[in-house]
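Single-structure report; data block below.
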């Protein structure tokens, strides 16, 4: 089996100067200079996301103000990065419900925003919000407890850049 060596192309004088290639690159640059800008000034301007956008998870309360979560721990089991931690507590009125989460914590540093917790919940107590930006100085401040997850934290100033 022989190796064929390709012949070198015969370049002309202008090809050696690389001017045509430089001019083609400049032509592309000048075409894009006069187009509309797509850059947003981030903290002031925000992208508008579609309706089905998955942001960070949040807990939902019923119309009467009671949290919907029944502490079945399905979201904790199905969470791929183990970002959800639930400790079961007893409800004050046993006739209404047996269990509630005494502690419900989501580690947003580990959350991959997959939405599997939302799909697994039998009572639709957790949903994906529209919040997509979060900044923090420490890892402990991005571990969201039940009280914060029940609030609408998309409007909180502490999580914005």
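Residue numbers (the numbering used here): 1 to 161. We put the CB at the ideal spot given by N, CA and C, even for glycine. Please read all numbers here as calculations on a predicted model, not as lab measurements.
Check, Outcome
"Just checking residue 140 against the ligand NAD - is the residue's beta carbon closer than 7 Å to any of the ligand's heavy atoms?", "Judged by which ligands are present, the structure shown has none, so any question about the ligand NAD falls away."
"Report buried or exposed for residue 179, applying the criterion of at least 16 other Cβ atoms within 10 angstroms of its Cβ.", "It is not possible to answer for residue 179, since the shown part of the chain is limited to 1 through 161."
"Just to confirm before moving on: does the CB-CB distance between residue 73 and residue 60 stay below 8 Å?", "no"
"Could you pull the DSSP bridge partners for residue 101 from this structure?", "88"
"In this structure, how does DSSP classify residue 128 when only helix, strand and coil are distinguished?", "strand"
"Can you give me the start and stop residues for the alpha helix (DSSP H) that residue 74 sits inside?", "74 to 78"
"Spatial neighbours of residue 101 within its chain, please: C-beta separation below 6 Å, excluding the five flanking residues on both sides.", "69, 71 and 86"
"Tell me which same chain residues have a C-beta within less than 6 Å of the C-beta of residue 116, skipping the five on either side of it?", "78"
"Under DSSP, the beta strand (DSSP E) around residue 59 begins and ends at which residues?", "57 to 59"
"Does DSSP classify residue 144 as helix, strand or coil?", "strand"
"Between the alpha carbons of residue 57 and residue 6, how many angstroms are there, rounded?", "59 Å"
"Which of helix, strand or coil does DSSP assign to residue 82?", "coil"
"From 88, 135, 137 and 81, pick the residue whose C-alpha is nearest to that of residue 110; which is it?", "81"
"Between the C-alpha atoms of residue 4 and residue 11, what's the straight-line distance to the nearest angstrom?", "21 Å"
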